[in-house]
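2 protein chains.
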Amino acid sequence: MKASDSPAFPHVVVLGAGFGGLTFAQRLPSSLARVTVVDRQNHHLFQPLLYQVATAGLAAPDIAQPIRSILRRKPNLNVLMAEVQAIDLAARKVILDRGELGYDYLILSLGGRTGYFGHPDWERHAPGLKSLDDALRIRRTVLLAFERAETETDPARRIQLMTIVVVGGGPTGVELAGTFAELAHTVLRRDFEHIDPTRAHVILIEAGSRVLAAFPPELSASAQRQLARLGVDVRTGTLVKDIRDGEVELSTGTVRVANVIWAAGVEAHPLTRTLGLETDRAGRLKVAPDLSLPGHPEVFALGDLVSLVDRKGVTVPGIAPAAMQMGAHAANLLVREIRAGDRNRPRAAFTYWDKGNMATIGRSAAVAQIGRLQFSGWPAWAAWLSVHLIFLVGFRNKLSVFLQWLYSYLTYKRGARIITGLDERDWPVPPRA
Amino acid sequence: MKASDSPAFPHVVVLGAGFGGLTFAQRLPSSLARVTVVDRQNHHLFQPLLYQVATAGLAAPDIAQPIRSILRRKPNLNVLMAEVQAIDLAARKVILDRGELGYDYLILSLGGRTGYFGHPDWERHAPGLKSLDDALRIRRTVLLAFERAETETDPARRIQLMTIVVVGGGPTGVELAGTFAELAHTVLRRDFEHIDPTRAHVILIEAGSRVLAAFPPELSASAQRQLARLGVDVRTGTLVKDIRDGEVELSTGTVRVANVIWAAGVEAHPLTRTLGLETDRAGRLKVAPDLSLPGHPEVFALGDLVSLVDRKGVTVPGIAPAAMQMGAHAANLLVREIRAGDRNRPRAAFTYWDKGNMATIGRSAAVAQIGRLQFSGWPAWAAWLSVHLIFLVGFRNKLSVFLQWLYSYLTYKRGARIITGLDERDWPVPPRA
């Protein structure tokens, strides 16, 4: 008897243990199905705080938890650290770098990648921020550039080394630009002899007319004022034409810069384009209202893989709460379906519940929108801190992050100003010219 | 006028901000000299806890502090992140990867490297543990091997992946073997479906007749019993003949193993052999009783660079307290000499003050010797924890490490079970065969 002939105790394969996949795996009762969770990393990553690892505020283990640890109490659940190479929807199987997995139900939650709008060569000069390795690389690049500036005698090169360009005025770009400005202007201020880090130039590039376009215009304006107060040079309506070794060509001219960070685009995992299904320009799958793939009710897609306007007409955003809600929705559907023993039951459509939107900018600087309520500055910052502490996975991580924040707040220092990976050879050191 | 003609306010160059160099820089008053501290890393590393980063107990930033932060309050002191390429004793200058530095006094505190007794090709298969990058690499290799074992179907390969060989029965080897055994037998125990981590095989290889040869024989015997209780297979009187991809050839036979860690030898920084002075087999410099180089009273060598029998006939060991005492000794000599304005004053000889010796093995397992007092087990472990917390640099690090230890003690978990650097390409993944 094939596994798929056994609807009473099906095999569910979950690809990716981000917010969507992990929520699904936690919500599906072990008594109803055998579950295999596959991820290429050994850890679940709390992405909303990733920029703080890149900006030397937090250590990598503070925002990551082993997937095995999180799910250890679930019987009938198996975690595999493996890379997905292909998905065969017709044969209902997944091909991994080691072996294959047949499934009765498949949860696609592979997440997003940094997208360069058709310029993959820019990645070399402008790393994105999606993984812990990305964050550690950005931290290394920027901290090294300041060290290089300290011994640089050519004034033009020194300015180049002390310039940081962040491309993209969404929440990640705003967080990175604000925090790097703060790092240079307060944390590093007294630590150098030959350079003055307060003269570091942090530029935030946004193609649209305002930063944080997903927020109401008043909050965008507030964020822009708060960024300016931290010393960020915000340039809206500015396009990136080219990124080369040591310089960025903008629609308004060329900037010589040693540190470029790309926060402008997210694409769905490239496997979405291999399924023979309709995707949008960013590779996101058009799914049915219940989140299943058209023609494949046994396959659900979640999170950053999905392009969806929900039944209330809301475009579901690519953020952690939306992915978690999708994971819970798919789990609830499967619970009813498996319990009923009927695969042809009508399924409820997914509805996104907008709990609000927040972005942090720096010390006591943030914007927040909850329902019709809008606020910014210190109250928004306090709300942001609380919400992120509450949702961070694991008691150890909550405590550690809370203490690091308290430490940084009281001392104006950063606990993770450590350069590692100097001997790794796959990434160039900041260019000197 | 050359700088060296100005004995009233000399330029002192310190190469290396380990325990010796840092202590020297902290002790020398800023009013007496201009100081330049050079290090290839941006951080001072608390080496005694490095094995806990390798074994997933601590995060890298917990045991490291930016050198600039530690020394920020010292006027007339400059920190350079640079690599030393050559030392010209005759011309009194140091050649760095960027530029040169003339000096009036030179402090050589470049520290040690892992030594392979004439087999540099073994490094590829058996990394040593001297830097944060080494520690993160060992953590990645071992955690990945367990993940590979989980999907491995060949029983022989599975055993190979779950075997860890630690070469060298000194304190580092004992700490690594004990902690890896604990990691496998308690932490990972419930996390896998297909493998039983309690069957992991941790082998500690020692060429001599007992582990911890620097301790009294009774404590070596106690350490060996405590290691056996944790499940470590201790093999004394065993020589390593060869290390190849996936196996270690011992004098007693060949072991198939995916994880080999080299804790058997430390050599002085290779620059010591370029000075035209006498060194021992490990490249350590024979220094005068005052720690200066023979014929060069303006140059002092500290810590792991030095081979010295002090005036009481004690061979000074290559441990942190000895390096710190040497740094303080050199600083005190210079203070007197600069204040007196007389370079020909007779100098005091260095005397090592043996404060005792400790090694930890695992949870509630350690050995300690303080004067004639010898103890082991829980009291030695508590003493070890306290001493290391007290000497760890920085309040943030003390608090963070204390909380991580408390967490691990209470939960039997490890807070840093995170694999990073998967995409770095300079290190091979564990061999499959």
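Heads up: the protein sequence lines correspond to chains A and B, in order. Reminder that position 359 of the first sequence reads as 580 in my numbering, one-by-one numbering, no gaps. Reminder that position 196 of the second sequence reads as 417 in my numbering, one-by-one numbering, no gaps. Don't be surprised by glycine CBs; every beta carbon is placed ideally from N, CA and C.
Status (buried if at least 16 other CB within 10 Å, exposed otherwise) for residue i
i: P649 of chain B; result: Here P649 of chain B scores only 33 on pLDDT, less than 50, and its place in the model should not be relied on; the value that follows carries that caveat. It counts as exposed.
i: R360 of chain A; result: buried
i: Y704 of chain B; result: This structure does not reach residue 704 of chain B, given that chain B is present from 222 up to 654, and the question cannot be answered.
i: R358 of chain A; result: buried
i: E414 of chain A; result: exposed
i: F338 of chain A; result: exposed
i: P282 of chain A; result: buried
i: R289 of chain A; result: buried
i: D260 of chain A; result: buried
i: R617 of chain A; result: buried
i: A449 of chain A; result: exposed
i: F657 of chain B; result: A query on residue 657 of chain B cannot be resolved here, the shown segment of chain B reaching from 222 to 654 and no further.
i: L329 of chain B; result: buried
i: N480 of chain A; result: buried
i: L236 of chain A; result: buried
i: S352 of chain B; result: buried
i: R420 of chain B; result: exposed
i: Y573 of chain A; result: buried
6 Å Cβ shell around residue i - same chain, five flanking residues per side excluded
i: K576 of chain A; result: P542
i: I284 of chain A; result: F267, L270
i: A398 of chain B; result: V387, V423, L425, V453
i: D226 of chain A; result: Any answer about D226 of chain A is weak, because its pLDDT of 42 lies below 50 and its placement is not dependable; what the coordinates show is given next. So the list is empty, once near-sequence residues are dropped.
i: V233 of chain B; result: A254, V256, Y326
i: G241 of chain B; result: S330, L523, G524, A544, M547, G548
i: I416 of chain A; result: A370, E371
i: P418 of chain A; result: A405, L409, R410
i: N297 of chain A; result: S251, R255
i: S441 of chain B; result: R431, V432, L433
Cβ shell of residue i (< 8 Å), same chain only, five flanking positions each side left out
i: T459 of chain B; result: I426, E427, A428, L471, S472, T473
i: A549 of chain B; result: T244, F245, R248
i: T641 of chain A; result: L357, R361
i: D501 of chain A; result: K507, S528
i: A313 of chain A; result: Contrary to the premise, residue 313 of chain A reads as Arg rather than Ala in this sequence. Taken in chain order, the residues that qualify are S225, G323, Y324, D325, L327, E519.
i: E344 of chain A; result: T335, Y337, W483
i: R439 of chain B; result: The amino acid at residue 439 of chain B is misidentified as Arg; the sequence shows Glu. So the list reads Q595, once near-sequence residues are dropped.
Cβ-Cβ separation, residue j to residue i (assumed contact under 8 Å), whole Å
i: T374 of chain B; j: A303 of chain A; result: In fact, because the Cβ distance is near 14 Å, the residues do not count as touching under 8 Å.
i: E468 of chain B; j: R456 of chain B; result: That belief does not hold up - the Cβ atoms of E468 of chain B and R456 of chain B are roughly 16 Å apart, past 8 Å.
i: L526 of chain B; j: H490 of chain B; result: 6 Å
i: L555 of chain B; j: A569 of chain B; result: That pair is no contact at about 12 Å.
Cβ neighbours of residue i in the same chain (closer than 7 Å, five flanking residues each side left out)
i: T393 of chain A; result: Y272, L350, A484
i: R638 of chain A; result: A277, L364
i: A604 of chain A; result: M579, A589
i: V300 of chain B; result: V258, I288, R289, L292
i: L492 of chain A; result: V305, I308, L331
i: H668 of chain A; result: Outside the shown range of chain A, which is 222 to 654, sits residue 668 of chain A, and nothing can be said about it.
i: L514 of chain B; result: L498, L506, V508, V520, A522
i: R319 of chain A; result: A303
Check: residue i C-beta below 8 Å from any heavy atom of the ligand GDP
i: G497 of chain A; result: In terms of ligand content, the structure shown is empty, and the ligand GDP therefore cannot be addressed.
**Report entry** Inside the segment 303–348 of chain A only - alpha helix (DSSP H) runs reaching at least 4 residues
**Finding:** none
Query raised in the report: What are the complete beta strand (DSSP E) segments, minimum 3 residues, inside the segment 379–440 of chain B?
Result: 384–388, 422–426
Query raised in the report: Which full runs of the alpha helix (DSSP H) of 4+ residues lie inside the segment 515–595 of chain A, going along the chain?
Result: 541–561
Requested in this report: Closer than 8 Å, Cβ to Cβ, to anything on chain B: give me those residues from the segment 470–489 of chain A, in chain order.
Outcome: none
Requested in this report: Would you list, in chain order, the members of the segment 545–563 of chain A that have their beta-carbon closer than 7 Å to a beta-carbon of chain B?
Outcome: none
**Report entry** Ordered list of beta strand (DSSP E) runs contained in the segment 226–268 of chain A, each at least 3 residues
**Finding:** 232–236, 255–260, 264–266
Requested in this report: With 7 Å as the C-beta to C-beta threshold (strictly closer), list the residues of the segment 290–304 of chain B near chain A in chain order.
Outcome: S290, R293, N299, L301, M302, A303
**Report entry** Contacting positions in the segment 275–289 of chain B - beta carbon closer than 9 Å to chain A
**Finding:** A277, L279, A280, A281, P282, D283, A285, Q286, P287, R289
Query raised in the report: For the segment 444–477 of chain A, which segments carrying the beta strand (DSSP E) assignment without a break, of at least 3 residues, lie completely within its bounds, in sequence order?
Result: 453–456, 461–465, 468–471, 474–477
**Report entry** Members of the segment 247–261 of chain A that neighbour chain B once the beta carbon cut-off is set at 7 Å
**Finding:** none
Query raised in the report: Taking Cβ-Cβ distances below 9 Å as the criterion, which residues of the segment 305–322 of chain A are in contact with chain B?
Result: L317, R319, G320
Report task. Compile a chain-ordered list of the residues in the segment 327–351 of chain B whose CB is closer than 9 Å to at least one CB of chain A. Result -> none
Query - Members of the segment 378–410 of chain A near chain B, C-beta cut-off 7 Å - result: none
**Report entry** Short-range partners of chain B found in the segment 520–543 of chain A, where Cβ spacing is below 7 Å
**Finding:** none
Report task. Check each residue of the segment 599–628 of chain B: if its Cβ is closer than 9 Å to any Cβ of chain A, include it; give the result in chain order. Result -> G615, F616, R617, N618, L620, S621, L624, Q625, Y628
Query - Completely contained beta strand (DSSP E) runs for the segment 593–629 of chain B, where each covers 3 or more residues - result: 594–597
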